[in-house]
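Undergrad:
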Ligand code: NDP
């Protein structure tokens, strides 16, 4: 028998590790929404064709994960501003013959910091480590919270400079630099590098961690990351990227279904 539930999936390669199929069914049950959510493995050279197939099969939307977030921009017929600013798409909506691209990674990060960690971004000094897709996606949502200043530090300094230039027009002081040249202390430090995957801490001076600063690593796992240990060792409150993951999923769910789930249950389930 064919299911009449609305269909969604997460597209990636590899895809077996994705936690999204554990999250969305909980949100659906919680909000009384009738949907199924699956994993979709797309060939490395077949992202656009996979999206076309999903549309033809009547899917209502999809999440996009590595390595397709940037390529997904080209597959869309329309982009929301935050996806355009991020230069990357993690959420697709298939409706009225359109493929609409959005990016909920940055809003998820902001929601985790402001709601879950209870730390306001307005008026704060922010240090963003990394200038890749995730860091780029965080910038507009951060700027919209009205921080006092944003410093972007990256291994490839020119990329940090370019990012600062691209986002300078929003009226918040923002500059790019190298890790070793970061001066002063910050209220919120976000590690958006993939260094933690290799057990590497961006070599910033430990003085970047202001008293009681929030240090958030976008990466997550069963153990605290090396960056979290470094930050906690210098007086910061360390947090990993699980809350960001759960919140970006809630934001995507809200875009698709028009109802915002409560993330507490999923957060507890994934970290008992
Ligand atoms: P990208 O590949 O787009 O960017 C990687 C960034 O990390 C670049 O700035 C790169 O610098 C830097 N980098 C890589 N290796 C090192 C190193 N050894 N030391 C210092 N800097 C390094 O990756 P993404 O932006 O997509 O992802 C970044 C991280 O964020 C990953 O760990 C990912 O898992 C996590 N993430 C978490 C999410 C969540 O929901 N929690 C969502 C999205 C991402 P350079 O420019 O010099 O190459």
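Numbering (my numbering), first residue to last: -17 to 254. Quick reminder that beta carbons are idealized off the backbone N, C-alpha and C, glycines included.
1. Which one or two residues does DSSP pair with residue 8 in a beta bridge?
2. With DSSP run on the structure shown, which of helix, strand or coil describes residue 76?
3. Give every residue of the same chain whose Cβ lies closer than 6 Å to the Cβ of residue 121, excluding the five residues on either side of it in the sequence, and list them in chain order.
4. Buried or exposed, going by whether 16 or more other CB atoms sit within 10 Å of the CB of residue 135?
5. Could you compute how far the alpha carbon of residue 117 sits from the alpha carbon of residue 110?
6. If you pair each beta-carbon of the stretch 43 to 55 with each one of the stretch 66 to 78, do three or more pairs fall below 8 Å?
7. If you run the structure through DSSP and keep just helix, strand and coil, what is residue -11?
8. Flag this pair as yes or no: are the beta carbons of residue 235 and residue 13 separated by less than 9 Å?
9. Do residue 178 and residue 209 have their C-beta atoms within less than 9 Å of each other?
10. Quick check for students: name the residue ranges of the alpha helix (DSSP H) that lie wholly in the stretch 126 to 150, counting only runs of 4 or more.
11. Could you check if residue 180 belongs to the surroundings of ligand 1, using beta carbon to heavy atom distance under 8 Å?
12. What is the DSSP secondary structure of residue -3, counted as helix, strand or coil?
13. In the structure shown, what three-state DSSP assignment does residue 83 receive?
14. Can you tell me where the beta strand (DSSP E) with residue 108 in it begins and where it stops?
15. Looking at residue 170 and residue 107, is the spacing between their C-beta atoms short of 9 Å?
16. Please indicate yes or no: does the CB of residue 87 lie closer than 8 Å to some heavy atom of ligand 1?
17. Could you check the C-alpha separation between residue 50 and residue 29 for me, to the nearest Å?
TA: Taking the coordinates as given:
1. Partner(s): none; residue 8 has no beta bridge.
2. Residue state for residue 76 is assigned as strand, using DSSP reduced to three classes.
3. 149
4. buried
5. If you take the alpha carbons of residue 117 and residue 110, they lie about 7 Å apart.
6. Touching, per the Cβ criterion.
7. In the structure shown, residue -11 falls within a strand segment according to DSSP collapsed to helix, strand and coil.
8. yes
9. yes
10. 139 to 149
11. yes
12. coil
13. strand
14. Counting along the chain, residue 108 sits inside the beta strand (DSSP E) bounded by residues 107 to 111.
15. Their beta carbons are under 9 Å apart, which means residue 107 touches residue 170 by this criterion.
16. Yes, ligand 1 has a heavy atom inside 8 Å of this Cβ.
17. 7 Å
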